[in-house]
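**Student:** Residue numbers (numbering that gives the first Met the number 0): 0 to 281.
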Amino acid sequence: MLLVYKPPGETPYQIVQKIQSLPQYHDAKIGYAGRLDPMAEGLLLLLVDEENKKRKTYERLKKRYVFTMLCGIATDSYDLLGLITQSKRIANFKQVQKKIAAELPRFVGKHIQQYPPYSSRRVDGKPLFYWAREGKIDTVTLPSKKIEIHTLSLSHMNVVAATKLKNYILTSIENVQGDFRQKLIHAGWENYFAQHQDSTNHLLVACAISCSSGTYVRQLVHDIGSHIQLPLTAYAITRTNIGKYSLKDLVRKGEKLDMIDLFKDKQPLGRLKNRRNSKRTR
């Protein structure tokens, strides 16, 4: 099994392709346990050869994320890689922070969570994102699933300048690989900032969550926004833990290792070692 850091902008499948391009894994059967959206980053478990038979076991492991919500804007994908569907000027940032903090406890526990329209869950033989792209999402019933949120807390808020926010969002969209409506979405954000030049600052609220497998953080962000009647979208999502495995296992001397670093000199540095027989380096 391989423990890998997935950067924003790439899909888990693209990470698998990178690994299989390495000589030592060229003929290996590699899969992954637990999806991560293109805009999300963080820990990814890759299963090699016989380990793929344990996929469902790994997929059931509890997850931890840290995530940031952009307040006052909503998109059709519930994250930055979507078309803006709603926006609202925020007059009092502190008041919004208090509203969100007061709302979070209601989401702790067992719930039924709907799948986001832009997700790979199949309905009538096609993924939901197909129906959403075709403008037919209202013709199908959005499926739901049981989830459990163990802990959910607000860590801090941050005020970001519109120019900085714009640059971050547009650059993030440009870095996405594959076909995810990038040109259309990029133009939509450009248009938003052109029409809201008087909005000099935007509010970001950061949270942390521990949850069951299959929980969609961006759907949670959307649901929180619905409850407080304020457009919200997932600004950043980082998966920090999968069961006992931590993103800290990929940190050495304070720097995150990317895919190339993990396999520098064609050595599988990302392969999980037996913790009893090896020392962890940071």
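We treat Cβ as the ideally placed atom computed from N, Cα and C, and that holds for glycine.
Values in this document were obtained by computation on a predicted structure and should not be read as measured data.
Considering just the uninterrupted stretch of the beta strand (DSSP E) at H149, what are its terminal residues?
**Tutor:** Unbroken beta strand (DSSP E) run through H149: S143 to A160.
**Student:** Would the region 77-84 and the region 177-194 be scored as touching if the rule is three or more Cβ pairs under 8 Å?
**Tutor:** These segments touch.
**Student:** Pair every Cβ in the region 218-231 with every Cβ in the region 190-199, then say whether three or more of these pairs are closer than 8 Å.
**Tutor:** No: fewer than three Cβ pairs fall under 8 Å.
**Student:** Rounded to a whole number of angstroms, what is the C-alpha to C-alpha distance between F192 and A161?
**Tutor:** Rounded to the nearest angstrom, the two C-alpha atoms are 8 Å apart.
**Student:** Taking the C-alpha atoms as reference points, what is the distance between I168 and K93?
**Tutor:** In a straight line, the C-alpha of I168 is about 24 Å away from that of K93.
**Student:** For G108, which of T239, L219, A233 and L231 has the nearest alpha-carbon?
**Tutor:** The shortest Cα separation from G108 among T239, L219, A233 and L231 belongs to L219.
**Student:** Taking C-beta to C-beta, are I241 and L60 nearer than 8 Å?
**Tutor:** Their beta carbons are under 8 Å apart, which means I241 touches L60 by this criterion.
**Student:** On the DSSP letters alone, give me the boundaries of the beta strand (DSSP E) that A100 sits inside.
**Tutor:** Element bounds for A100: not the beta strand (DSSP E) but the alpha helix (DSSP H), F92 to E102.
**Student:** Using DSSP bridges, identify the partner residues of H201.
**Tutor:** Beta-bridge pairing links H201 to V159.
**Student:** Using the C-alpha atoms, what's the distance from W188 back to N166?
**Tutor:** Those two C-alpha atoms are separated by around 10 Å.
**Student:** How far does the alpha helix (DSSP H) with A193 in it extend, from its first residue to its last?
**Tutor:** Its alpha helix (DSSP H) spans residues Q181 to Q194.
**Student:** Where does K61 fall in DSSP's three states?
**Tutor:** If DSSP states are grouped into helix, strand and coil, K61 belongs with coil.
**Student:** When the Cα atoms are used, what is the spatial distance from K98 to F66?
**Tutor:** Spanning the two alpha carbons is a distance of roughly 17 Å.
**Student:** Any beta carbon from chain C within less than 8 Å of K165's own beta carbon?
**Tutor:** Note that chain C does not occur in the displayed structure, where there is just one protein chain.
**Student:** Would you kindly work out how many angstroms separate the C-alpha atoms of L35 and P115, rounded to a whole number?
**Tutor:** Each residue's alpha carbon lies about 14 Å from the other.
**Student:** The beta strand (DSSP E) spanning L46 covers which residue range?
**Tutor:** E40 to V47 is the span of the beta strand (DSSP E), which, as asked, contains L46.
**Student:** For the ligand PLP, I want to know if S86 counts as a neighbour, meaning its beta carbon is within less than 7 Å of at least one of the ligand's heavy atoms.
**Tutor:** As presented, the structure is devoid of all ligands, the ligand PLP included, so that no description of it is given.
**Student:** With distances taken Cα to Cα, identify the nearest neighbour of Y4 among E40, T10, G33 and E50.
**Tutor:** Comparing Cα-Cα distances from Y4 to each of E40, T10, G33 and E50, the minimum goes to E40.
**Student:** Once the 5 residues before and after T84 are set aside, which same chain residues still bring their CB inside 7 Å of it?
**Tutor:** The residues are A73, T74 and D75.
**Student:** Would you check if the distance between the CB atom of Y12 and the CB atom of A32 is smaller than 8 Å?
**Tutor:** In this structure, A32 does not lie closer than 8 Å to Y12 by Cβ.
**Student:** Taking C-beta to C-beta, are L42 and L103 nearer than 8 Å?
**Tutor:** No. Outside cutoff.
**Student:** Cα-Cα, which of Y64, M38 and I18 is closest to C206?
**Tutor:** With distances taken between Cα atoms, C206 lies closest to Y64.
**Student:** Got a sec? Which residues, its chain only, sit under 8 Å from G8 by beta carbon, not counting five neighbours each side?
**Tutor:** Counting only Cβ-Cβ distances below 8 Å, and skipping sequence neighbours, we find P37, M38, S171, N174, V175 and Q176.
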